[in-house]
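Below: the structure, in structure tokens.
Below, the structure written as structure tokens:
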């Protein structure tokens with residue numbers, strides 16, 4: 001979801017920032033299917049490169065195997081609204 005309309009001034013600026021920022025990303029993660037659709041529309045992204053990963057995980061089912069960690073560093077960028085409830 002977004003607090004900005006698609007075609008008002010703030011929305012147009014936000015869309016341009018998203019498009020510029022995410023245009024070189026190999027993949028983008030959204031936290032829901034609605035957020036994915038919104039992101040694809042706003043940032044003009046290739047839908048094949050936008051994936052949904054819900055916020056929550058079950059730690060009893062997800063335990064990373066340290067031996068499978070890539071040797072090279074990966075870069076993860078997080079974009080969200082900074083509001084009080086997010087800490």
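Numbering (my numbering), first residue to last: 1 to 87.
Beta carbons are placed, not taken as given, at the ideal position from N, Cα and C, and that holds for glycine.
Through-space distance from residue j to residue i, alpha-carbon basis
i, j, result
"residue 33", "residue 67", "32 Å"
"residue 9", "residue 38", "17 Å"
"residue 55", "residue 29", "11 Å"
"residue 52", "residue 40", "12 Å"
"residue 70", "residue 64", "12 Å"
C-beta atoms of residue i and residue j nearer than 9 Å
i, j, result
"residue 36", "residue 19", "no"
"residue 77", "residue 25", "yes"
Nearest residue (CA-CA) to residue i, options the options
i, options, result
"residue 57", "31, 48 and 12", "31"
"residue 22", "50, 12 and 11", "50"
"residue 74", "27, 46 and 12", "27"
Unbroken beta strand (DSSP E) run spanning residue i, endpoints
i, result
"residue 7", "Where residue 7 is concerned, there is no enclosing beta strand (DSSP E), given that its DSSP letter is neither H nor E."
"residue 29", "28 to 30"
"residue 50", "50 to 52"
Span of the alpha helix (DSSP H), counted from its first residue to its last, around residue i
i, result
"residue 44", "Premise fails: residue 44 is in no alpha helix (DSSP H) and is neither H nor E."
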